[in-house]
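Residue numbers (the numbering used here): 585 to 716.
Structure first, then comments.
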């Protein structure tokens, strides 16, 4: 949500769809407000520096990618914590998958792994991913 509820066409929902959805969302939303901040833009702009190397190319995962993350949450959390990161599973997280091509709603993932649908003007957590 970037100040206007709109359909972006980011309906991809498979492995690799999150990166495409993120690009679609950013392009669509930036046309309305170039200074705004929203879930997909926060992920696309994210970078992480380790030992002098900056890692970019982050994106908002699709609904399916989030479900795969959830299925492997204990392994991922162990790795995140071991590397100084924050464990997943704290609150509701946005996905990059729109509910339908004629809706201003998108899918979210709950702590339980269940999915839900909310209008894009709600405030939930965002988790950027880099590769699948």
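Even for Gly, the Cβ is constructed at its ideal location relative to N, Cα and C.
Please read all numbers here as calculations on a predicted model, not as lab measurements.
Close Cβ partners of residue 633 (< 8 Å) along its chain, the five nearest in sequence each way excluded | Here the set comprises 639.
CA-to-CA distance, residue 609 to residue 659, given in whole angstroms | Approximately 30 Å, taken between the alpha carbons.
Once you ignore the five residues that flank residue 709 on each side, which residues in its own chain have a CB closer than 8 Å to its CB?
-> Within the same chain, residue 709 has close Cβ partners 674, 675, 676, 677 and 678.
Determine contact between the region 643-663 and the region 591-604, defined as no fewer than three beta-carbon pairs at a distance below 8 Å.
-> The region 643-663, when compared against the region 591-604, does touch it at the 8 Å Cβ threshold.
Which of the three DSSP states, helix, strand or coil, is assigned to residue 610?
-> Helix at residue 610.
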